[in-house]
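In this note's numbering, the protein residues as written are 5 to 231. Presented below is the structure to which this report refers.
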Amino acid sequence: MKQKLSLLLIILLVACGKDSPKPPEAAVLIFPQKNSECITGISLNNTSSQVEFRWLAAKYADTYQLKFTNVLTNSSVTSAPTEALSVRVPLLKGVPYQWTITTQNNETQEIAISEAWYFYNAGTETTFPPFPAQINEPLSGASVARDLNNEVTLGWTGADVDNDIATYDVYLDTVANPQLLLASTSISITELPASVAADTIYYWRVVTTDREGNSSDSGTYSFRVIR
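Right, dumping it as structure tokens:
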């Protein structure tokens, strides 16, 4: 009986002393650089070139998956998991892309997703439309409360290869395709207070325009005002 108790105690001690698997950390992106024009791709034909995506190793990560999205068509491709720190893929020339890396650990179901970076794959263009504004707050689907002035703050980030953004047009409405212009701001203003009603769902988007007249749309985001 004593032997059985001793064996059970040893098993419990070993089990308790075993470290639980740690979730992977997010990868740090390297190339193509954020908000840049990628000019190092290997030309494949008149319409496409091969681009190498690179990132740094992440702690507790066993595999990595590249996801890249054609901003013009909103179509995405996700590569097969790899242990490498780079992936080469063919991309259309003169097209803006967004990319992320998802890290995975074989011992846990948890994943981590890197920052999302935009870039243009070089083509024959001499001027580029701005990248779509990135929505910072409220995040899409979020529930928010009004401040003492019955307002919420709308915040976004803009970027452009040519660094010639002229204006941001911010649209806010209670319909899914907002056409009501809240304000048109200069490049220095990327936050706006907006008067809202309680217990209401709002939809908003940001159209970025540069000095050449090129523009891009952030896409529509929504949030609920809870009180």
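Heads up, the beta-carbon is just placed ideally off N, CA and C, and yes, glycines get one too. Since the model is a prediction, treat every value here as computed from it, not as a measurement.
On the DSSP bridge assignment, give the partners of T130 in chain order.
T130 pairs with nothing; no bridge assigned.
Report yes if the CB atom of V210 is closer than 9 Å to the CB atom of G145, and no otherwise.
Against a cut-off of 9 Å, the Cβ pair of G145 and V210 comes out as no contact.
Quick one: grab the DSSP three-state call for V179.
Note: V179 maps to coil in three-state DSSP.
Could you tell me which of L70, D173, L152 sits nearest to A187, measuring between CA atoms?
Of the candidates L70, D173, L152, the one whose C-alpha sits nearest the C-alpha of A187 is D173.
Please name the residue in S199, G223, T204, D166 whose C-alpha comes closest to that of E41.
Minimum Cα distance to E41 is reached at D166.
Quick check on the burial criterion: 16 or more other C-beta atoms within 10 angstroms. Buried or exposed for V81?
Looking at its Cβ environment, which holds fewer than 16 other Cβ atoms inside 10 Å, V81 is exposed.
Considering L158, what are the terminal residues of the beta strand (DSSP E) in which it resides?
155 to 163 is the extent of the beta strand (DSSP E) around L158.
Measure the C-alpha to C-alpha separation of S220 and T213 and round it to an integer number of angstroms.
Computed Cα separation, rounded: 7 Å.
Looking only at its own chain, which residues have a Cβ that is under 6 Å from the Cβ of E216, when we skip the five neighbours before and after it?
Within the same chain, E216 has close Cβ partners T131.
Does the beta-carbon of S147 have 16 or more other beta-carbons within 10 angstroms, so that it is buried, or is it exposed?
Per the 10 Å Cβ criterion, exposed.
Going by DSSP, what residue range makes up the beta strand (DSSP E) through T104?
Residues 100 to 108.
State the DSSP-derived secondary structure class of Y64, mapped to helix, strand or coil.
Three-state result, Y64: coil.
Residues in the same chain with beta-carbon distance under 7 Å from Y64, minus the five sequence neighbours each way, listed in chain order, please.
K26, P27, P28, E29, N109.
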